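Protein chains in written order, with our numbering: chain A, 1 to 444; chain B, 1 to 444. Notes to accompany the following structure.
What follows is the structure, encoded as structure tokens:
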């Protein structure tokens, strides 16, 4: 055990620097030590004392959130995400155990190449260093993010929603206990308690290597505009489902309902349904099913002509095509053909997740896959599969829609960088070149 | 053949947009088409007409540069890099042919995973889209960068030094001819002719995916501060060589001289030599060799005590430790031990390339490799090996010292992103979860 003074009352830049220093020891853990750390953290979350502490803190957060909701200061959706009961806690602990069991990427040799005799180059995965992560009211994110950070050898400074502050504190206290037991500095996992602290963190570009921003579109955009630190995230999740001419009606309805209704606030939820003129039956069936699920439809003239008064719908306004509703609302438009669907998606899509519904083996499928420039492109599958857990990445720290570094759901791999290590016996570059020694460049 | 109107007189945002559109066809070339394109470009550079056109343009550039140098408006180092004679041209053509022969990374499947029966996920390499690249007076960069862009399926907007404008124009004219012969839009490779145009490009974050900045530290920093587009590059190359206690004198001198003298303006050149008190002989021999090569030494008190009047040297000032000379100047300091060397490098290094000279099998080697946080960490090899060609990456578009996306020498791989493609038969996410269907997550 090591004795570490509490860092939480230090100024933010000092905490970021402390995190950077603390990260070195974390990065140097071997595979077994790292796995033990994660398993011990999972166990610690399920200890009776922990359960009580978390339940008490969470109950107070929920009580305040309900009051705030009653005053109209907090959305029902946000309040609903606050709960952290025994089932969720169990799931979080299991998630940490799965992460512990996953192959160790940190330190893995990505490439080993002989440049010449006794001159061997390696590219080795290493942590980014220090992560700054901001997320909205969901205390589950604290152990999930911490798990990914520890697995990837990164220190992390967390800023959660103020609505879950007590729950987050309870969780971080448990995490600090486990870190200390393992002889690690608790500065590895720091909780920032207010917006001002996070704003300060955005200026710490010397010590913070990556910001992960999860939250509403405008908020993420604000973060991206407020820092020189690279930001991983997405300011929009405007996803489409396109029903091609040969789409099966039952399949179309099922994918549309899953994409819109299972979690409308999710970034991988569908916001716009596009349909080919020959997919009238599939469209009618999908819209009926969506309407039955309570989805408000906002339709163009062709869709109105299709459904008449049989299905309740509003007229779409131009801004609907570029609106991420994050709610049980869906805009619907007919497109003359696949090319028009691609063009619509190119114009309005946020490069997150796009799906086509078509017949198995339809040539439209491969054309759609080839043409769409987005993090995730799906054929005959719900957009809701765009998720680190569902992709088998173990967990997900966020979904990135930029093309630099990671794209789509980001797991452990997206939190790693690499270093080039070269081991020689005194070789110098000027000995190589035309008429001199030649490189062998032989991969080992 | 396709007829494309010249884009060079369009406003910069329109050219960036044209590049984005043109890039689609470029990205869609198959492996053989792409290799043929690169080989045809190599051949075109060596055609007699091309040689004459390039030689004439280059002669004018050099003539003007010499006049500017005489007026003190251009550094000798910059002027020296302008020449593009037959040998260089041959080397450039060969480089393009090697690139053509390299394995195709674009479109490669990086991961194929069954999520469930008939639900298969792939992660497939794709181009970033549009690159904006700025570099100083070296017309060689035009075919090199173009080759990397074409190989990776990216369009590119190039801004070279004004000193090589005529040479760059001649090269781009040849490139446009080859693109047109292949039915590609010449907008794929655009030349920006002045700083104002490049400043405009930095604002085109909707159409430009990555900026690569090559040039002086302050210039690269200026670029990084002037755009929302991710910038790949390094604003400093402050590299160290540390002579450990057991360093062989001959090996030390050889690595120090190669690191400092073969190309002092290169970013991987050594700026500071650190030495262990027990490496006195290796240090003396290194400093004598460096002095013989005309290197100005700036030394601390301990080094002065070591060399006395035997070797000419100035006293180092505090700012020397953080100065990238890019010239035949070297600062020299004694450090009490390896830890102090690591601390000095952590404080002053630019996270580019760091090297230790020690005995074969010295425990210091692995400690150095583990502890240094830099793109390249070398044992008993010159820092000058930090180079895409020497690493066997085929070519190099630049060296990155950030940790996000690529790090160190960046070749084709660093110009790629990826997309997640999922092919199903109607699966929806709500069918999976506790008590429902389970994911198989089986890598194929």
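For glycine and all other residues, C-beta sits at the position ideal for the given N, C-alpha and C. This one's a predicted model, so the numbers in the text were calculated from it and none came from an experiment.
- Runs of the beta strand (DSSP E) spanning 3 or more residues and lying entirely within the segment 216-245 of chain B occur at 231-233 and 239-243, in chain order.
- Non-local C-beta neighbours of residue 252 (chain A) in its own chain, meaning closer than 6 Å and more than five positions away in sequence, comprise 243, 282, 286 and 357, ordered along the chain.
- Counting along the chain, the unbroken alpha helix (DSSP H) around residue 255 (chain B) starts and ends at 249-261.
- Any Cβ of chain A closer than 9 Å to the Cβ of residue 207 (chain B) would place that residue at the interface, and such an atom is absent.
- Look at residue 57 (chain A): its C-beta is not under 9 Å from any C-beta on chain B.
- Taking a 10 Å sphere around the C-beta of residue 61 (chain A), we find 16 or more other C-beta atoms and assign the residue as buried.
- In summary, no residue of the segment 172-202 of chain B has a CB separated from any CB of chain A by less than 7 Å.
- Taking C-alpha positions only, residue 355 (chain A) is separated from residue 145 (chain A) by approximately 28 Å.
- Of all alpha-carbon atoms in B:284, B:426 and B:227, the one lying nearest the alpha-carbon of residue 304 (chain B) is that of B:284.
- When only Cα atoms are considered, residue 73 (chain B) and residue 352 (chain B) end up about 30 Å apart.
- Counting only Cβ-Cβ distances below 7 Å, residue 352 (chain A) has no contacts in chain B at all, with the closest Cβ about 11 Å away.
- Taking 9 Å as the cut-off, the Cβ atoms of residue 399 (chain A) and residue 365 (chain A) do not count as close.
- Within the DSSP secondary-structure output, residue 296 (chain B) pairs in a beta bridge with B:329.
- Taking 9 Å as the CB threshold, residue 113 (chain A) lines the interface with chain B.
- Assignment of residue 399 (chain B) by DSSP, reduced to helix, strand and coil, places it in the strand class.
- Identification of residues in the segment 258-280 of chain A having a C-beta nearer than 7 Å to some C-beta of chain B yields 258 and 262, given in sequence order.
- A Cβ-Cβ distance of about 4 Å is found for the pair residue 297 (chain A) and residue 313 (chain A), placing them in contact under the 8 Å criterion.
- Ranked by Cα distance from residue 429 (chain A), the first of B:262, B:326, B:395 and B:362 is B:262.
- Interface annotation, residue 422 (chain A): in contact with chain B, CB-CB separation under 9 Å.
- Counting only Cβ-Cβ distances below 7 Å, residue 429 (chain A) has contacts in chain B at 258, 262, 382, 384, 385 and 390, in chain order.
- Taking residue 19 (chain B) as reference, the option from B:129, B:48 and B:269 with the minimal CA-CA separation is B:129.
- Taking one beta carbon from each stretch, the segment 78-98 of chain B and the segment 379-388 of chain B have fewer than 3 pairs nearer than 8 Å; the two do not touch.
- Proximity of residue 378 (chain A) to chain B, defined by a Cβ-Cβ separation below 9 Å, is satisfied.
- Taking a C-beta cut-off of 7 Å against chain A, the contacting residues of the segment 208-236 of chain B are 209, 210 and 230, listed in chain order.
- Counting only residues of its own chain and dropping the five nearest sequence neighbours on each side, residue 422 (chain B) has a CB closer than 6 Å to the CB of 121.
- Here the alpha carbons of residue 410 (chain B) and residue 395 (chain B) stand approximately 8 Å from one another.
- Going by C-alpha positions, residue 165 (chain B) is about 7 Å away from residue 193 (chain B).
- Boundaries of the beta strand (DSSP E) around residue 159 (chain A): 155-159.
- Contact of residue 441 (chain A) with chain B is assigned, a C-beta pair being separated by under 9 Å.
- Chain order gives the chain B residues near residue 374 (chain A) as 419, where near means a beta carbon separation below 8 Å.
- Residues of the same chain with a CB within less than 8 Å of the CB of residue 227 (chain B), apart from the 5 flanking positions on each side, are 202, 203, 205 and 211 in chain order.
- Per DSSP, the beta-bridge partners of residue 442 (chain A) are A:114.
- In the three-state scheme derived from DSSP, where H, G and I count as helix and E and B as strand, residue 88 (chain B) is classed as helix.
- A residue is called buried once 16 or more other Cβ atoms fall within 10 Å of its Cβ, and residue 109 (chain B), having fewer, is exposed.
- The segment 37-49 of chain A makes contact with the segment 84-102 of chain A: 3 or more CB pairs, one atom from each, lie closer than 8 Å.
- In the structure shown, residue 426 (chain A) adopts extended strand secondary structure according to DSSP, grouped into three states.
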